[in-house]
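**Student:** To convert, note that position 319 of the sequence shown is 319 in full-length UniProt numbering; the numbers rise steadily by one, no gaps.
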Amino acid sequence: MEIVRSQRNLTADGPPSLSLYRSAPSLEVRLEDFELYAIDRLRVLKGISDGISRGKKPEEMEKLVSELWRANMRHQDASEVTNKDMISHFVLRLVYCRTEDLRKWFLSMETTLFRYRFRLESPESQRMLMAEFQLPYKALSNAEFETVKDKLGQVARSIGQSSNAETIFFKVPFEEVPELVASRRVFLLKGYAYVAMNQVVSLVVTQFRSNLSKALVLTNRKWTSTIREQEKERLTPIVEALSNSYLGPDYSQPKEFAEISLKDIDQLASNSFPLCMRHLFEKLREDHHLRHGGRMQLGLFLKGVGLKLDDALAFWKMEFSQKVGTERFDKEYAYTIRHNYGKEGKRTDYTPYSCHKIISSTPGVGDHHGCPYRHFSEENLRAALGKIGVGSRALDDVMDKVRNRHYQLACTLTFEAIHAASCDTGINHPNHYFSESQKILKSRIQPTT
Numbered sequence: 001m002e003i004v005r006s007q008r009n010l011t012a013d014g015p016p017s018l019s020l021y022r023s024a025p026s027l028e029v030r031l032e033d034f035e036l037y038a039i040d041r042l043r044v045l046k047g048i049s050d051g052i053s054r055g056k057k058p059e060e061m062e063k064l065v066s067e068l069w070r071a072n073m074r075h076q077d078a079s080e081v082t083n084k085d086m087i088s089h090f091v092l093r094l095v096y097c098r099t100e101d102l103r104k105w106f107l108s109m110e111t112t113l114f115r116y117r118f119r120l121e122s123p124e125s126q127r128m129l130m131a132e133f134q135l136p137y138k139a140l141s142n143a144e145f146e147t148v149k150d151k152l153g154q155v156a157r158s159i160g161q162s163s164n165a166e167t168i169f170f171k172v173p174f175e176e177v178p179e180l181v182a183s184r185r186v187f188l189l190k191g192y193a194y195v196a197m198n199q200v201v202s203l204v205v206t207q208f209r210s211n212l213s214k215a216l217v218l219t220n221r222k223w224t225s226t227i228r229e230q231e232k233e234r235l236t237p238i239v240e241a242l243s244n245s246y247l248g249p250d251y252s253q254p255k256e257f258a259e260i261s262l263k264d265i266d267q268l269a270s271n272s273f274p275l276c277m278r279h280l281f282e283k284l285r286e287d288h289h290l291r292h293g294g295r296m297q298l299g300l301f302l303k304g305v306g307l308k309l310d311d312a313l314a315f316w317k318m319e320f321s322q323k324v325g326t327e328r329f330d331k332e333y334a335y336t337i338r339h340n341y342g343k344e345g346k347r348t349d350y351t352p353y354s355c356h357k358i359i360s361s362t363p364g365v366g367d368h369h370g371c372p373y374r375h376f377s378e379e380n381l382r383a384a385l386g387k388i389g390v391g392s393r394a395l396d397d398v399m400d401k402v403r404n405r406h407y408q409l410a411c412t413l414t415f416e417a418i419h420a421a422s423c424d425t426g427i428n429h430p431n432h433y434f435s436e437s438q439k440i441l442k443s444r445i446q447p448t449t
């Protein structure tokens, strides 16, 4: 099936116009756009995922989706917004078709995105989309409406909506609108649900989800059988990396807080280091040594928050020399520190690890790197959180997120508990935690007069 371009006006600054994404567009796409468009859409989907994890209400989610779409899916050429929408969806379909877990996440987020974008459409656009879906539902005739109008009126009043003779109702099998049935928002009779036009989003979303689910399975087959091998030199590396992409700022160079000094580092660790870095810092002070994974995770973090190379060498030497001696430090460890700052080897300026990279690590026995929310036992995590000042009520909320594997959200809740301030953007990088902490703490310092 060829894509038929909608004639409705679509801009990222106005109410979004929807595509059903039935087949990939026949468009030439530059390789850089292939990746950039996908990253922009991924920012939208991950923002939705965070909103859901934080328990936002439907009206809050609708606002969030609208804001995410405007912020990320705009294009300098308004005529290209439709193309960006289409291309980004199909690139991510390729990225997320590859495993069951990836498919499940993508299906859920894209369906949620579709749901709220559909709700933002005008009634006329909604009817057009229903026609495009070719849903096999007919509106109730006047005669049938008369036989059930009293019951429909009762349901409408119970959910705070008006119902009149102008309201269009559809009669559909009840299993096709499970969310409406579960919330008792429809009248049921003999296995059918009577769905008002303003509730039709449930019908369309169910159909959209079903179509996308089937499409992801088919895409996976194509990816496995042909695309992965054919594109192994060009697209495959991009596709395989995108699902693990860090989408936040580049922290390879400190920006907001130009540098930190050695004399302040203990205070900063106590006030503004996330739990993962604070744990490493304390273990370094305690044992005067860290294994390679810990040195890399903490060392690049310190670099990102503004510890200059000379101070970094002095800091690590001060600790390690107590355990291995000055000569061995200079011989075995100093090179790696200079290397991380781009002064040795390939002279690559290495970037501090993102939350995703830290969470995905596999620390062994004797290692202290990784994410405490994922890698600590519940007992150890509770003790560590209590030690840094997380109260019992907030602690229960954090542990609830940990049990549901929302590790970054658990870190965000920890941040909010410690700082007594909200962090709506969420924490997705240890250096982001530090910079947000410093902003709050510096804002609370009253200037002396």
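By construction, the Cβ of each residue, glycine as well, lies at the ideal position given by its N, Cα and C atoms.
1) Contact check, P352 vs F281 under 8 Å by CB: the rounded distance?
2) To the nearest angstrom, how far is it from the Cα of V29 to the Cα of K214?
3) Which stretch, first to last residue, makes up the alpha helix (DSSP H) that contains Y246?
4) List the whole-angstrom C-beta distance separating R41 from W223, where the pair is believed to meet the contact cut-off of C-beta under 8 Å.
5) Buried or exposed, going by whether 16 or more other CB atoms sit within 10 Å of the CB of H429?
6) Restricting to Cα atoms, I'd like to know which of T112, V239 and A182 is closest to L36.
7) DSSP three-state label for P173, please.
8) Taking DSSP as the reference, what is the three-state secondary structure of V305?
9) To the nearest angstrom, report how far apart S437 and E259 are at their CA atoms.
10) Output the distance between the C-alpha atoms of L188 and V81, rounded to the nearest integer angstrom.
11) How far does the beta strand (DSSP E) with Y194 in it reach, from first residue to last?
12) Buried or exposed: T147, going by 16 or more other Cβ atoms within 10 Å of its Cβ?
13) Pull up the DSSP beta-bridge partners for G216, would you.
14) Tell me which residues share the same chain as Q126 and place their Cβ nearer than 8 Å to its Cβ, disregarding the 5 neighbours each side in the sequence.
15) Nearest to L18 by CA position, among G366, L102, Y116 and S26, is which residue?
16) Taking the C-alpha atoms as reference points, what is the distance between S79 and D85?
17) Within a Cβ cutoff of 6 Å, which residues of the same chain sit near V4, ignoring the five residues on either side of it in sequence?
18) Give every residue of the same chain whose Cβ lies closer than 7 Å to the Cβ of P363, excluding the five residues on either side of it in the sequence, and list them in chain order.
19) How about L290 and L284: are their beta carbons less than 8 Å apart?
20) Ignore the nearest five residues each way along the sequence and tell me which others in K442's own chain have a CB closer than 6 Å to its CB.
21) Would DSSP call F133 helix, strand or coil?
22) Between A312 and K303, how many whole angstroms is the CB-CB distance? I'm expecting something under 8 Å.
23) Opposite F187 in the DSSP bridges: which residues?
24) Entirely within the region 403 to 434 and at least 4 residues each: give me those alpha helix (DSSP H) ranges in chain order.
25) Check whether the Cβ atoms of residue 523 and H432 sit closer than 8 Å, and answer yes or no.
26) Are L307 and M277 touching if we call contact CB-CB under 8 Å?
27) Let me know if K151 comes out buried or exposed under the rule of 16 or more other beta-carbons within 10 Å of its beta-carbon.
28) Should I87 go down as buried or exposed, given a rule of 16 or more other Cβ atoms within 10 Å for buried?
29) Can you tell me whether G47 is buried or exposed? The criterion is at least 16 other CB atoms within 10 Å of its CB, across all chains shown.
30) Please classify Y335 as buried or exposed, where buried requires at least 16 other C-beta atoms within 10 Å of its C-beta.
31) One question on the structure: do T412 and G426 come within less than 8 Å of each other, judged by their Cβ atoms?
32) Using the Cβ count rule (16 or more neighbours within 10 Å means buried), how would you classify L310?
33) According to the Cβ coordinates, are L113 and V65 closer than 8 Å?
34) For a test of the three-state rule: what should DSSP assign to A139, helix, strand or coil?
35) Got a sec, what are the start and stop residues for the alpha helix (DSSP H) L36 sits in?
36) Between the alpha carbons of H89 and V398, how many angstroms are there, rounded?
**Tutor:** Taking the definition as stated:
1) Their Cβ separation, rounded to whole angstroms, is 14 Å, which puts P352 and F281 out of contact at 8 Å.
2) Distance from the CA of V29 to the CA of K214, rounded to the nearest whole angstrom, comes to 25 Å.
3) DSSP places Y246 in no alpha helix (DSSP H); its state is neither H nor E.
4) In this structure R41 is not in contact with W223, their Cβ atoms being roughly 18 Å apart against a cut-off of 8 Å.
5) With a 10 Å radius around the Cβ and a threshold of 16 neighbouring Cβ atoms, H429 comes out buried.
6) With distances taken between Cα atoms, L36 lies closest to V239.
7) P173 falls in the strand class under three-state DSSP.
8) Reduced to three states, the DSSP call for V305 is helix.
9) Rounded to whole angstroms, S437 to E259 spans 15 Å at the Cα level.
10) When rounded, the separation of the alpha-carbon atoms in L188 and V81 is 41 Å.
11) Here the beta strand (DSSP E) through Y194 covers Y192 to A196.
12) Looking at its Cβ environment, which holds fewer than 16 other Cβ atoms inside 10 Å, T147 is exposed.
13) Per the sequence presented here, residue 216 reads as Leu, with Gly not at that position. For L216, which the question treats as bridged, DSSP gives no partner whatsoever.
14) By the criterion of a C-beta distance shorter than 8 Å, Q126 is surrounded in its chain by F118, M197, V200, V201 and V204, once the five residues flanking it on both sides are discounted.
15) Measuring from the Cα of L18, the nearest candidate turns out to be Y116.
16) When rounded, the distance between both Cα atoms is 11 Å.
17) Any answer about V4 is weak, because its pLDDT of 29 lies below 50 and its placement is not dependable; what the coordinates show is given next. Closer than 6 Å at the Cβ level, and outside the excluded window around V4, lies no residue.
18) Same-chain partners within the cutoff: G293, H369, G370 and H375.
19) With a cutoff of 8 Å on beta-carbon distance, L290 and L284 are scored as near each other.
20) Spatial neighbours of K442 in its own chain (CB-CB distance under 6 Å, excluding positions within 5 residues in sequence) are not present.
21) For F133, the three-state secondary structure derived from DSSP is helix.
22) About 7 Å separates the beta carbon of A312 from that of K303, a gap short enough to meet the 8 Å contact definition.
23) Answer is Y194, bridged to F187.
24) Counting whole runs of 4 or more residues, the region 403 to 434 contains the alpha helix (DSSP H) stretches 407 to 419.
25) No answer is possible for residue 523: the residues shown for the chain start at 1 and end at 449.
26) No, Cβ-Cβ distance for L307 and M277 is not below 8 Å.
27) Of the residues assessed, K151 falls on the exposed side of the cut-off, its CB having fewer than 16 other CB atoms within 10 angstroms.
28) Its Cβ being crowded by 16 or more others within 10 Å, I87 is buried.
29) Label assigned to G47: buried.
30) Classification of Y335: exposed, given that the 10 Å Cβ count is below 16.
31) G426 sits close to T412, with the two beta carbons spaced by under 8 Å.
32) According to the sequence displayed, residue 310 carries Asp and not Leu. D310 should be labelled exposed.
33) Taking 8 Å as the Cβ cut-off, L113 and V65 qualify as a contacting pair.
34) DSSP places A139 in strand when its eight states are reduced to three.
35) The continuous alpha helix (DSSP H) containing L36 extends over residues L31 to S53.
36) Rounded to whole angstroms, the gap between the alpha carbons of H89 and V398 is 33 Å.
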